[in-house]
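Numbering (our numbering), first residue to last: 9 to 162.
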């Protein structure tokens with residue numbers, strides 16, 4: 009079991025996009041309720057099944073398993089409820105941390121989010137100039153909720 013501590017932010021502008029290549033994500037939710045989520049996703053040519061507890065503050069328990077790509081695609085096509093979340097993820101190193109930048113496509117086209125994983129809820133970190141408002145505690149920005157009510161339907 010791993011504990012995930014993550015903070016999420018909106019993004020200002022596209023200055024961050026210089027000289028970075030994305031990975032392509034497709035993910036859906038077999039189960040997504042207050043207690044937690046069961047997610048299936050593909051990242052480029054790999055498949056994953058992930059179980060996450062509901063967050064307590066910024067922390068949540070996470071269990072992730074690599075699965076065959078064909079199985080992940082079959083689950084996305086046959087088992088997931090609501091919309092499939094599609095995005096390009098860019099990894100950017102800044103001041104001793106790696107930021108994950110998600111450029112959403114499909115039903116969430118136009119939404120950009122930045123995430124940073126921390127080792128402690130109180131860990132301090134430097135924010136790049138393109139980081140906007142924090143949305144870590146706003147459930148509408150959780151990927152599981154973006155599968156239920158996409159950004160283009162807000």
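Glycine is no exception: its CB is placed at the ideal position from the N, C-alpha and C atoms.
None of these values were measured; they are calculated from a predicted model.
- Message: Our contact map puts residue 103 next to residue 134 with C-beta atoms below 8 angstroms; I'd like the distance itself, whole angstroms only.
- Response: 4 angstroms
- What's the C-alpha gap between residue 67 and residue 54? 26 angstroms
- Contact between the region 82 to 93 and the region 43 to 61 (3+ Cβ pairs under 8 angstroms): yes
- Query: What residue does the alpha helix (DSSP H) around residue 156 start on, and which one ends it?
  - Reply: 151 to 156
- Candidates 56, 63 and 92: which alpha carbon is nearest residue 78's? 56
- Item | residue 113 versus 32, 41, 21 and 153, residue with shortest Cα-Cα distance | 32
- Message: Within a Cβ cutoff of 6 angstroms, which residues of the same chain sit near residue 46, ignoring the five residues on either side of it in sequence?
- Response: 38, 39 and 59
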